[in-house]
Amino acid sequence: MKKRMKFNSDTVFDIVVAVIILAVTLIILYPLYFVVIASISDPAMVASGNVILRPRGINYDGYWYIFRDNRIISGYQNTIIYALFGTILALLITIPAGYALSRKDLPFRNALMKITLFTKFFSGGLIPTYLVVNSIHLVNTRAIIIILGSFSVFNLILCRTFFVNTMSDELREAAEVDGCPTFTFFCRIVLPLSGSIIAIMVLYYAVAYWNSFFNALIYLSDADKYPLQMIMRDILITGQALQADVSDPEAYEQMLRIAQSIKYGVIIVSSLPVLILYPFVQKHFVKGIMIGSLKG
Amino acid sequence: MTKLERQIRKKKTLSLMKKNWVLYVFLVPMLIYLIVFSYLPLYGIQIAFRNYKVTKGIWGSPWVGLEHFRTFFDSYQFWNLLKNTLTLSIYSLIAGFPLPIIFALLLQYCISPKLKKTSQMISYAPHFISVVVYCGMITIFLANNGIVNQILMKLGFDSVHFLSDPKLFKHIYVWSGVLQGLGWGSIMYIAVLTNVNPELHEAAIIDGASKFQRIKHVDIPAIVPTMVIMLITKCGEIMDVGFEKVLLLQNSVNLDYSEVISTYVYKIGILGGQFSYSAAIGLFNNIINLILLVLVNWIARKVSDISLW
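Next up, the structure:
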């Protein structure tokens, strides 16, 4: 009798757990799904509440307008430049530093680590940072968008933890006995063994650059240097309509009509690279967090 | 330590430094970054105590001591800014801290591996949506004729004016944040739960523990250290309300409830050019953060022996 009760309570538990997980998952999934179906539906159908579960009046007019908009094209180009060069710079800064700080035979290692960690907990704040950037004449340049964000303490700790856990002292000592200098050892032995942490760093930094909006907001004033996220802000939040040929009233009117489906469209278009890559690289992202959690 | 020992030690350190000089070169790019973008601004924070004039530079500007701080404390915005900042962050902490833990536990006890995997895949996804796009989605969905109101009306409820009711701002801000961070925030706990010694669970099962009892006596104790560390870190960020998200969700109607210290600093500093006054407000913000971090860390160390340092 007692055993039967227990079986029942665990079964109820299992069902409740599964139902909650399913419900939460659907709540998270539905907004993403809705954006997709709304972007290809007839805007009038969306506005009248007829598009809830599946697209209606399928058309791709919204996308047609989006891909002809110069601002989106320029934003895309800028973001690709920022993400590409920013990620390269970030790797050059973070990986060697992470390796150096992982070496127990580095004198003053703890002091250097403290200097680095301190910046995570206390900073000068927005205004002094702005004045520094201003004094080195980097305000309103593409360079500042690339440079800022090319280092994060969190990513450094991930790298360091990875190297501490994977690079054995014996391996290094053996190489030293063979007369292999540090730099050669790093390039020939350490880097080839660090594929997974490099992949994680590329993904973390690239996504951060792709989604970054703050630095452009603070430091850029020329619209032709704006990354995609600034353009997205104009379209989605400030509500600026897309560019249209004003000399052609018919096209202009059409554009106003589908302004709402353009919004759904730009959400898809701007998130596309991340969305496409996401299923393939998800495990690397998770692995990064796992490495981080090893040391708390 | 004798003099000789000290000398030997010094020599050893020197020879290690000489041998590993390349490692210092490895650190140079990072140190340059930190000096320029972290330590120079720290040095520049003194403009909070001066009347900064662009033409005179930091050193040439007259020293005014705590005047800017006094002006801020006396200003009519002060209490409102502080109230909004604390409301948003503490509410976020209370709602956003336990839910990823519960979600991790639920996933850990999910009987269907397929559901677990799918749910993880989907719940991590919002983390990768940019803050601009996410706020765009919030404003589109919660508009008067948006999808949320359409569904509400289909279910027979009245429609809600989400965006024009300033009192709803904090709920929108917090719960959209919870939804975005739920899956991602659970990863760390899942990692710890997966590493729990399986013998503990086996022993509990033999002793006749139900799943609920196993959570209580095996899983929760295992994740407590991670929880404490996360809580300390979060408390040290209490004054850091998501600047970008607040700014993007602000509109003329909700400003009384949505203006927080960081957005105010941006507006009067970067947009308004009052560098010294806004730097003082920013410094006030960061000092409160640091005090909270040290305090919570100290409490945690006394109570649980777990701390950041």
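Chains as they are written, first to last, in the numbering used here: chain A, 1 to 296; chain B, 1001 to 1309. Ideal Cβ placement from N, Cα and C applies to all residues, glycine included.
Inset, instruction - Report the rounded CA-to-CA distance for A322/A versus N155/A, giving the unit in angstroms. - result: Residue 322/A lies beyond the residue range present for chain A, which begins at 1 and ends at 296; the question has no answer from this structure.
Inset, instruction - Run down chain A in chain order and give the residues with a C-beta less than 8 Å from the C-beta of C1110/B. - result: Against the second sequence, residue 1110/B aligns to sequence position 110. Neighbours of C1110/B on chain A, chain order: V17, A18, I21.
Legend entry - Contact set between Q77/A and chain B, taken where Cβ atoms lie within less than 8 Å: Locating residue 77/A in the first sequence gives position 77, counting from the first residue. Here the premise fails: no neighbours, minimum Cβ distance about 17 Å.
Inset, instruction - Would you check if the distance between the CB atom of G98/A and the CB atom of I197/A is smaller than 9 Å? - result: Taking the first residue of the first sequence as position 1, residue 98/A is located at position 98. Taking the first residue of the first sequence as position 1, residue 197/A is located at position 197. In this structure, I197/A lies closer than 9 Å to G98/A by Cβ.
Legend entry - C-alpha gap between L148/A and F1243/B, whole angstroms: Within the first sequence, numbered from 1, the residue matching residue 148/A stands at position 148. Within the second sequence, numbered from 1, the residue matching residue 1243/B stands at position 243. In a straight line, the C-alpha of L148/A is about 17 Å away from that of F1243/B.
Inset, instruction - Can you give me the start and stop residues for the alpha helix (DSSP H) that K1011/B sits inside? - result: In the second sequence, counting from the first residue as 1, residue 1011/B sits at position 11. Here the alpha helix (DSSP H) through K1011/B covers 1003 to 1019.
Legend entry - Span of the alpha helix (DSSP H) around Y1052/B: For the purposes of this step, residue 1052/B is identified with residue 52 of the second sequence, where counting begins at 1. Here Y1052/B belongs to no alpha helix (DSSP H), and DSSP marks it neither H nor E.
Inset, instruction - Kindly indicate which three-state DSSP category W1309/B falls into: helix, strand or coil? - result: Reading the second sequence from its first residue, position 309 is the one you call residue 1309/B. In the structure shown, W1309/B sits in coil (DSSP, three-state: anything other than H, G, I, E or B).
Legend entry - Distance between I200/A and E1199/B (C-alpha atoms, nearest Å): The sequence position of residue 1199/B within the second sequence is 199, counting from 1. The sequence position of residue 200/A within the first sequence is 200, counting from 1. Going by the C-alpha atoms only, they are around 32 Å apart.
Inset, instruction - Tell me, please, which residues DSSP counts as bridged to G1057/B. - result: Walking along the second sequence from the start, residue 1057/B turns up at place 57. Note: G1057/B sits in a beta bridge opposite K1053/B.
Inset, instruction - Report the residue ranges of all alpha helix (DSSP H) runs contained in full by the segment 1063 to 1126 of chain B; include only those spanning at least 4 residues, in chain order. - result: 1067 to 1074, 1078 to 1096, 1098 to 1108, 1113 to 1124
Inset, instruction - Please classify D1074/B: is it buried, with 16 or more other beta-carbons within 10 angstroms of its beta-carbon, or exposed? - result: Residue 1074/B sits at position 74 when you count from the first residue of the second sequence. D1074/B should be labelled exposed.
Legend entry - Three-pair Cβ contact test at 8 Å for the segment 1134 to 1141 of chain B versus the segment 45 to 55 of chain A: no
Inset, instruction - Find out if the Cβ-Cβ distance for the pair N211/A, V1241/B is shorter than 9 Å. - result: Locating residue 211/A in the first sequence gives position 211, counting from the first residue. Locating residue 1241/B in the second sequence gives position 241, counting from the first residue. For N211/A and V1241/B, no; Cβs fall outside 9 Å.
Inset, instruction - Would you list, in chain order, the members of the segment 1142 to 1176 of chain B that have their beta-carbon closer than 8 Å to a beta-carbon of chain A? - result: N1145, I1147, Q1150, I1151, M1153, K1154
Inset, instruction - Look at the Cβ atom of C1110/B, then the Cβ atom of V17/A, and state whether they are nearer than 9 Å. - result: Here residue 1110/B refers to the residue found at position 110 of the second sequence. Here residue 17/A refers to the residue found at position 17 of the first sequence. Yes; because the gap between Cβ atoms is below 9 Å, this pair is in contact.
Legend entry - Interface positions of the segment 93 to 113 of chain A facing chain B (Cβ-Cβ less than 7 Å), listed along the chain: I93, P96, A97, Y99, A100, R103, D105, L106, P107, L112
Inset, instruction - Indicate the three-state DSSP secondary structure (helix, strand or coil) for I258/A in the structure shown. - result: Working through the first sequence from its first residue, we reach residue 258/A at position 258. Three-state result, I258/A: coil.
Inset, instruction - Could you list which residues in chain B have their beta carbon closer than 9 Å to that of N211/A, in chain order? - result: As a position in the first sequence, residue 211/A is number 211, starting the count at 1. Correct list: F1128, I1129, S1130, V1131, V1132, V1133.
Legend entry - Option in Y278/A, S194/A, I27/A, L277/A with minimal Cα separation from I1151/B: One-based indexing of the second sequence puts residue 1151/B at position 151. Taking only the C-alpha atoms, the option nearest I1151/B is I27/A.
Inset, instruction - Using alpha carbons as the reference points, say which of K1117/B, Y1024/B, V1253/B lies closest to A111/A. - result: Here residue 111/A refers to the residue found at position 111 when the first sequence is read from its first residue. Closest by alpha carbon: Y1024/B.
Inset, instruction - Using a Cβ-Cβ cut-off of less than 8 Å, list which residues of the segment 158 to 172 of chain A approach chain B; keep chain order. - result: none
Inset, instruction - Please decide whether K1116/B counts as near chain A, where near means a Cβ-Cβ distance under 9 Å. - result: Residue mapping note: residue 1116/B aligns to position 116 of the second sequence, counting from 1. Yes, K1116/B counts as interfacial toward chain A.
Legend entry - Local Cβ density within 10 Å of C187/A, reported as buried at 16 or more and exposed below that: One-based indexing of the first sequence puts residue 187/A at position 187. By the neighbour-count rule (16 or more Cβ atoms within 10 Å), C187/A is not buried but exposed.
Legend entry - Below-9 Å beta-carbon distance, P1041/B vs any chain A residue: The sequence position of residue 1041/B within the second sequence is 41, counting from 1. Taking Cβ atoms only, chain A reaches closer than 9 Å to P1041/B, which makes this a yes.
Legend entry - chain A contacts made by the segment 1029 to 1058 of chain B, where a contact means CB separation under 9 Å: P1029, M1030, L1031, I1032, Y1033, L1034, V1036, F1037, S1038, Y1039, L1040, P1041, L1042, Y1043, G1044, I1045, Q1046, I1047, A1048, Y1052, V1054, G1057, I1058
Legend entry - Other residues of its chain near P273/A: CB distance less than 8 Å, five sequence neighbours each side excluded: Within the first sequence, residue 273/A is the residue found at index 273, counting from 1. Within the same chain, P273/A has close Cβ partners W210.
Inset, instruction - Could you tell me whether the segment 280 to 292 of chain A touches the segment 1173 to 1188 of chain B, using the rule of 3 or more Cβ pairs below 8 Å? - result: yes
Inset, instruction - Starting from R257/A, find everything on chain B with Cβ-Cβ shorter than 9 Å and list it in chain order. - result: Residue mapping note: residue 257/A aligns to position 257 of the first sequence, counting from 1. By Cβ distance, chain B contributes nothing, its closest Cβ being about 15 Å from R257/A, past 9 Å.
Inset, instruction - Would you be able to state if there are at least three C-beta pairs under 8 Å between the segment 1066 to 1084 of chain B and the segment 1270 to 1288 of chain B? - result: yes
Inset, instruction - Given a cut-off of 9 Å, decide if L53/A and S150/A are closer than it, judged by their beta-carbon atoms. - result: On the first sequence, position 150 is the one that residue 150/A refers to. On the first sequence, position 53 is the one that residue 53/A refers to. Contact: no.
Inset, instruction - Report the option in D61/A, L131/A, A208/A whose CA atom is closest to the CA atom of L256/A. - result: Numbered from 1 along the first sequence, position 256 holds the residue referred to as residue 256/A. For L256/A, the nearest C-alpha among the options comes from D61/A.
Inset, instruction - Give the residues of chain B in contact with G125/A, contact being defined as C-beta atoms less than 8 Å apart. - result: Here residue 125/A corresponds to residue number 125 of the first sequence, with the count starting at 1. The contacting residues are P1041, I1045, V1265, A1279, G1282, L1283, N1285, N1286.
Legend entry - Per-residue DSSP class, three states only, for P107/A: Here residue 107/A refers to the residue found at position 107 of the first sequence. Three-state result, P107/A: coil.
Legend entry - Segment contact, 8 Å Cβ cut-off, at least three pairs: the segment 1210 to 1224 of chain B with the segment 1046 to 1066 of chain B: no
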